[in-house]
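Novice:
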Amino acid sequence: MSELTVAEATDNIYASLRADNAELDAHIAALKAALTREGIKQAVFDPTKLAQGNRSGRKLMQAYFRQRGVSVSFSAD
């Protein structure tokens, strides 16, 4: 299996969120590994692509990812 880029791992997470969080923890682990490989400290997500892009949904997502060792921020667009 080839190593994913951060962009590919992020796309997999969007797909997982649309599929009722299917395999979300595995995708978070892949994202964490990609961030480490690429030397990036924080994953950036587009809130318009989230099922719940409101403040409550974003905070829940940040907390869930933080528990798994991934810092999350959201793009302004």
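Start counting the sequence shown at 150; every next residue gets the next number (this note's numbering). Where a beta carbon is used, it is the ideal one built from N, C-alpha and C, also for glycine.
#1: In terms of residues, what are the limits of the beta strand (DSSP E) holding Ser-222?
#2: Quick one, are the C-beta atoms of Phe-194 and Thr-159 less than 9 Å apart?
#3: Would you list, in sequence order, the uninterrupted beta strand (DSSP E) runs of no fewer than 3 residues that lie entirely inside the segment 197-223?
#4: Measuring straight from C-alpha to C-alpha, what distance separates Gln-181 and Glu-187?
#5: For the beta strand (DSSP E) containing Ala-192, list its first residue and its last residue.
Specialist: To lay it out plainly:
#1: The residue you call residue 222 lines up with position 73 of the sequence shown. 221-223 is the span of the beta strand (DSSP E), which, as asked, contains Ser-222.
#2: The count along the sequence shown starts at 1 and reaches residue 194 at position 45. The count along the sequence shown starts at 1 and reaches residue 159 at position 10. Against a cut-off of 9 Å, the Cβ pair of Thr-159 and Phe-194 comes out as a contact.
#3: Whole beta strand (DSSP E) segments, 3+ residues: 221-223.
#4: As a first step, residue 181 is located in the sequence shown; it is residue number 32 there, counting from the start. As a first step, residue 187 is located in the sequence shown; it is residue number 38 there, counting from the start. In the sequence as displayed, the identity of residue 181 is Lys instead of Gln. One alpha carbon belongs to Lys-181, the other to Glu-187, and they sit about 10 Å apart.
#5: Indexing the sequence shown from 1 puts residue 192 at position 43. In this chain, the beta strand (DSSP E) harbouring Ala-192 covers 192-194.
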